[in-house]
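Each remark here refers to the structure printed beneath this line.
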Amino acid sequence: MKFHRDKLLYRAFAWDLVVILLLVFFAQSCTQKQVVGPGIQVLTYSTLGSKGGFLESVKESFKKESGCELRLETTLGAAQVLSYLEEPKQRDRIDLVMGIDELLFERAKASFYLGEIKNVPYQENLIPPLKSRVKPGFIPMDYGALSFIYRKSEFKGSIKVPTSLPDLLKPELKQKWIVQDPRASSPGMLFFLFTDSILKISQMKHQWVTLAPSWDASYKMFLAKEAPMVWSYVTSLAYHASKGELDQYGYVDFKEGLPVQVEGMAILNHVGDPLKNNPCLEKWIAFVLRPDQQAKLVERQWMMPVISGVKLPKNFESVPELKKIASIPLNLEKVDSLVSHFGKEVQGDSL
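Right under this line is the structure:
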């Protein structure tokens, strides 16, 4: 009887083992199927890679057209991309980073091995102001000028819309504007680089309502009427135009010009020539920089196209032509110096 019971237990154990092995084999097969075939592993921030974002909206059409699969990994924001790449196992599987601006690119280039693309065959189609901003390894994909967006109804009588940077220090504009913390936000960093040679942080910290942790947080505060002005993209006017609200908002046209943020793509160079090793990379770059795809990117990102000949949505007619681009330093030494000085001046104050 004991022998019979042991035999049954042995059969049950053997059967369980077979089932486990089959499940492991099936799981491995599924994993292998996910990476079989040509494709690109793309790292980007959540807005660009979310369900309603540009990348998800073009995945299928790109695959159908090129035979290449777009595989997405996302972080909360563009700044978190660098933290993600610090982990070797994560970095090694990434082919392309999308959505980093020039400052983040400089930081990434100093920390990681990015592929140098010396002769980008598409740069001749870039709009003239951006041709000088093409660097080996950095390919522009969209851009936006930054300034203060203001609510017209709150600028009446003695309260005037500023026209120059020193105007931000006027008594009537005290506690009237929101800006982002440069230690956590790229738009915020561009603001303080823009004002650095003209305004002192010690003066400005009494003027702003608060330091927002991100652009998204700052704009939500602005829409909630916590301040009449917010540091944002001039293309925010196109968003308000799409809502039928354009008559309620304006932008500040500083006589010093406006800084421009350029977002782009960068290839991680693991071994050899990345474009030769993975032909899908060149196909994808060409795809993103086509007029029809730039038009889609504009609609999803609320940014401007980097190439000429793109048919813009009607609501983008509200975005003014950029008269003067402000010259700001885009080097790590300056950024690190500003962050250090900023921290001392505000004594860690932020949201």
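Counting from 204, one number per residue, gives the positions in the sequence shown under this note's numbering.
Just so you know, even glycine gets a beta-carbon here, dropped at the ideal spot from N, CA and C.
Item: For the beta strand (DSSP E) containing Ala441, name the first residue and the last one.; Value: Careful: Ala441 lies outside any beta strand (DSSP E), inside the alpha helix (DSSP H) at 439-445.
Item: When the Cα of Glu429 is compared with those of Val412, Leu258, Asp539, Gly252, which residue comes out closest?; Value: Val412
Item: So is Asp384 buried or exposed if we call it buried at 16+ other beta carbons inside 10 Å?; Value: buried
Item: Can you tell me which of Pro494, Val455, His409 puts its alpha carbon nearest to the alpha carbon of Lys377?; Value: His409
Item: Just verifying my parser: in three-state terms, what is the DSSP assignment at Ser350?; Value: strand
Item: Cutting at 6 Å between CB atoms, please list the residues of its own chain near Lys262, excluding the five before and the five after it.; Value: Leu273
Item: Which residue from Ser445, Gly447, Val382, Ala444 puts its Cα closest to that of Ala415?; Value: Val382
Item: Please name the residue, chosen from Met407, Leu396, Tyr422, Ala313, that lies closest to Pro532 on a Cα-to-Cα basis.; Value: Leu396
Item: Less than 9 Å between the beta carbons of Phe425 and Pro365, yes or no?; Value: no
Item: Can you name the residues that DSSP bridges to Ser435?; Value: Ser350
Item: Should Gln497 and Ile488 be called a contact, given that it needs their Cβ atoms to be closer than 9 Å?; Value: no
Item: Compute the beta-carbon to beta-carbon distance between Leu541 and Asp399, rounded to the nearest angstrom, for a pair I have assumed lies under 8 Å.; Value: 6 Å
Item: Measure from the alpha carbon of Phe394 to the alpha carbon of each residue in Gly242, Tyr248, Val538, then state which is nearest.; Value: Val538
Item: Considering Cα atoms alone, identify which of Glu536, Pro482, Asn518 is closest to Pro241.; Value: Pro482
Item: Among the candidates Leu440, Ser350, Ala427, whose CA atom is the shortest distance from the CA of Pro462?; Value: Ser350
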